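Line by line, the protein sequences give chains Z and S. Positions 1111 to 1264 (our numbering) are the ones given, in order, by the first sequence. Positions 1111 to 1264 (our numbering) are the ones given, in order, by the second sequence.
2 protein chains.
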Amino acid sequence: MPVSPKESAGQLLGVMPLVMRAVRAEMRSHRTLGLSVPQFRALAFTHRHPGASLSAGAEHIGVTLPTMSRLVDGLVKRKLVVRRSHPGDRRRITLDLTAQGQALWQTAYDFTHASMTKQLSGLTGSQCAAVSKAMHILFRLFAPGMTHEGPSDS
Amino acid sequence: MPVSPKESAGQLLGVMPLVMRAVRAEMRSHRTLGLSVPQFRALAFTHRHPGASLSAGAEHIGVTLPTMSRLVDGLVKRKLVVRRSHPGDRRRITLDLTAQGQALWQTAYDFTHASMTKQLSGLTGSQCAAVSKAMHILFRLFAPGMTHEGPSDS
DNA sequence: TGTAATAGTTAGCAAAGACAACTATATGCC
DNA sequence: GGCATATAGTTGTCTTTGCTAACTATTACA
Chain Z
1111 MPVSPKESAG QLLGVMPLVM RAVRAEMRSH RTLGLSVPQF RALAFTHRHP GASLSAGAEH
1171 IGVTLPTMSR LVDGLVKRKL VVRRSHPGDR RRITLDLTAQ GQALWQTAYD FTHASMTKQL
1231 SGLTGSQCAA VSKAMHILFR LFAPGMTHEG PSDS
Chain S
1111 MPVSPKESAG QLLGVMPLVM RAVRAEMRSH RTLGLSVPQF RALAFTHRHP GASLSAGAEH
1171 IGVTLPTMSR LVDGLVKRKL VVRRSHPGDR RRITLDLTAQ GQALWQTAYD FTHASMTKQL
1231 SGLTGSQCAA VSKAMHILFR LFAPGMTHEG PSDS
């Protein structure tokens, strides 16, 4: 039987935070790698959008430009990210991961992915398929410009 | 066809943050109501677990006890939450929303729910049902002790 | 009774986050 | 060309968040 968007929205709001709680806990455990949760978010954004501007990052992870600027300061100081000046518009900067940043992100992602896989290991194949199907639907809805999903930021 | 937990986990990690981005943006817009995102999380926890202890809240939203203590300070100062001493164990305190806190939470939740409903309004009834089904599966997995979903904290 | 363990708070520090004010570059209009 | 305006980032200053360590108060236990 069909379900109304309103009902789905309520369920989404009920369940998403429970899942995100697990994800955040994972991220927090990466503090052993010297990364705070916001820094991890900024790192993930840079991974997902290489060469993006500071403003784009700020808008995307939902902070103001000054906050993003200082967040990036920290990542640059740790040699995880590089600021480069944009050729053709010297006001702008572009953000990119260093090899070190890339490696750190991969490590953190692998940990998180493994932890989530373990969480889901109690599901049957068809339950996983149901989750998968919903994720595809939601992906098209919340990331309209992109073509394939994958690890995201935040 | 069935899907592996590993694959589902990857999709979950890819899509959840996109959805949470929208939710966080909503929460952030409630700063006009004078609440920061962490304060909103603490408020939501108190709403969902009335009479809970400080430790329980800290554990649940994923901060240390001192952090939770000061977070609650702020909410108490704004008269949204009350600290009461636990009868029978005077070391403990119990947290509860004031009428004001309840009202504020309701307002914020209604806004968020409406916004999410609008986001999902592009889906068909069967797509909503698919999302719904996945949410039920995930709920059982991530909130094993609870009996019915609904607006959650964080 | 007296020693653990538990629940919160306080102190002190670093980072996150906001706004306002600033610099530097680019655009646009006469 | 030349000045007004807009855009991209940075810096200053403040509050909040978040941590660890150290403390108080209460309870459990042996």
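In this text, a Cβ means the ideal position worked out from N, Cα and C, and glycines have one as well. The structure presented is a predicted model; accordingly, all values stated were derived computationally and were not measured.
Asked	Found
The segment 1189-1207 of chain S / the segment 1155-1169 of chain S touching (three or more Cβ pairs under 8 angstroms)	yes
Nearest candidate by alpha-carbon position, reference S/F1150, set S/G1124, S/L1181, S/A1162	S/L1181
CB contact below 7 angstroms: Z/V1113 versus chain S	yes
Contacts that Z/S1231 makes with chain S (C-beta to C-beta distance below 7 angstroms)	P1115
Nearest-angstrom Cα separation, counted from S/R1193 out to Z/L1122	31 angstroms
Chain S residues whose Cβ lies nearer than 7 angstroms to that of Z/T1222	L1123
C-beta neighbour in chain S for Z/M1178, strict 7 angstroms	no
S/R1201 versus S/S1195: straight-line alpha-carbon distance, rounded	8 angstroms
Interface residues of chain S facing Z/V1241 [CB-CB closer than 8 angstroms]	V1113, S1118, Q1121, L1122, A1244, I1247, L1248
Close-in-space but distant-in-sequence residues of the same chain around Z/E1136 (CB under 6 angstroms, 5 per side omitted)	T1222, S1225
Segment limits, beta strand (DSSP E) that includes Z/L1207	1203-1207
Beta carbon proximity, S/M1137 to chain Z, threshold 7 angstroms	no
Residues that Z/G1172 contacts on chain S, provided the C-beta gap is smaller than 8 angstroms	R1131, R1134, A1135, R1138
7 angstroms Cβ shell around Z/K1189 - same chain, five flanking residues per side excluded	T1208, Q1210
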